[in-house]
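Okay, so here's the structure we're looking at.
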Amino acid sequence: MNKYKKAFNTIGDTITYYTVCKDLASLPSDNEIFDSMETLMELVDKETPKKPEIKELIRKNNYRDERNIPRYDWWCPNCHLEHMSGNDLKYCPTCGQALDWRDEDGC
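Just so we're aligned, residue 36 is where the sequence shown starts under the working numbering, counting upward by one.
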């Protein structure tokens with residue numbers, strides 16, 4: 036069982052307890068409930084598309100005239116580790132963050 040399913044079940048069990056059975060032995064601890072809420076919030080945050088960040092990389096001595104040429108790459112706003120070369124990815128290949136490639140005007 037993955038952590039999202041476990042978190043969902045913990046919250047569901049708690050709601051069931053309060054509305055139906057009121058069995059104290061089956062009630063998750065407060066820490067389990069809060070941990071489950073944080074886990075689900077992590078999932079919601081990751082599934083909410085975020086705009087990739089653009090970073091400038093300087094390539095030193097790229098050409099025969101030894102100019103420093105800037106190059107721009109896209110990086111995940113969540114893990115900041117994976118650079119992406121195109122806007123065809125819907126999710127970061129490293130952490131799974133949903134990506135929003137739309138322009139500021141919504142296009």
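The beta carbon of each residue, even a glycine, is placed where N, CA and C say it ideally should be. Just so we're clear, the structure is a prediction, and the values are computed from it rather than from any experiment.
Residues of its chain near residue 127, where Cβ-Cβ distance is below 7 angstroms and the 5 sequence neighbours each way are ignored: Residue 127 sits at position 92 when you count from the first residue of the sequence shown. Close CB contacts of residue 127 within its chain, under the 7 angstroms cut and outside five residues either way in sequence, are with 111, 113, 114, 117, 134 (chain order).
Where residue 74 falls, given that 16 or more other Cβ within 10 Å makes a residue buried: Indexing the sequence shown from 1 puts residue 74 at position 39. By the neighbour-count rule (16 or more Cβ atoms within 10 Å), residue 74 is buried.
Given residue 7 as reference, the closest of 44, 119, 132 once Cα atoms are compared: Residue coverage of the chain in this structure runs from 36 to 142, which leaves residue 7 outside it and unanswerable.
Within 9 angstroms, strictly: CB atoms of residue 68 and residue 49: Here residue 68 refers to the residue found at position 33 of the sequence shown. Here residue 49 refers to the residue found at position 14 of the sequence shown. Going by C-beta atoms, residue 68 is nearer than 9 angstroms to residue 49.
Coarse secondary structure for residue 134, derived from DSSP in three states: What you label residue 134 is simply residue 99 of the sequence shown in a count that begins at 1. Three-state DSSP puts residue 134 in a strand.
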